[in-house]
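Some notes on the structure that comes next.
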Amino acid sequence: MKKQSILSVLAAALLLFSMLAPSGCSYDSGILSIEPPDVDTTIQVSFSEDILPLFEELKCNISGCHSTGGTSPDLSPANAYDELIQGGYINAEKPADSELMQWLLGNRAQPMPLSGPDDILNEKVLAWIIQGAKDN
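In structure tokens form, the structure reads like this:
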């Protein structure tokens, strides 16, 4: 009788474990999937006049962040364009899927900028990529 009770308890524990185990193995990155903004692509966006100033205003390229010698990509004015293009951050065929856009939308481990998605930056960067990501 005692052996049968132990087996019943073990069977119940195994059943409970098998029901809970799948949920315990799931991974929630805490990342929200944010859709890209609607953009007006008729307004010409300039990398040097529109995008770079936003990187500076939002402090993306300050020392210790995305500056020379910091975290990639280097968004300092002298290097930002080449870093974004050559580093694979721009997807001209699917602009909204660009690595840069995914970071800016907050769809990666840590949103950029750190303060969270910035609508103006996102709209301008997406429009710039749609317009061919020119070095203008």
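Numbered according to our numbering, the sequence shown spans residues 8 to 143. Think of the CB as a built atom: it goes at the ideal place given N, C-alpha and C, for glycine as much as any other residue.
**Item:** Limits of the unbroken alpha helix (DSSP H) element including glutamine 109
**Value:** 106-111
**Prompt:** In three-state DSSP terms, what is valine 52?
**Reply:** coil
**Item:** leucine 112, buried or exposed, once every other Cβ within 10 Å from all chains shown has been counted against 16
**Value:** buried
**Asked** Just the Cα atoms here: how many angstroms apart are tyrosine 34 and leucine 121?
**Response** For tyrosine 34, the predicted structure reports a pLDDT of 33, less than 50, and the residue's modelled location is therefore unreliable. The matter cannot be settled from this model.
**Prompt:** What do you reckon, are the CB atoms on tyrosine 96 and phenylalanine 54 nearer than 8 Å?
**Reply:** At least 8 Å separates the beta-carbon of tyrosine 96 from that of phenylalanine 54.
**Message:** Please report the straight-line C-alpha distance between glutamine 51 and asparagine 114, rounded to a whole angstrom.
**Reply:** Spanning the two alpha carbons is a distance of roughly 26 Å.
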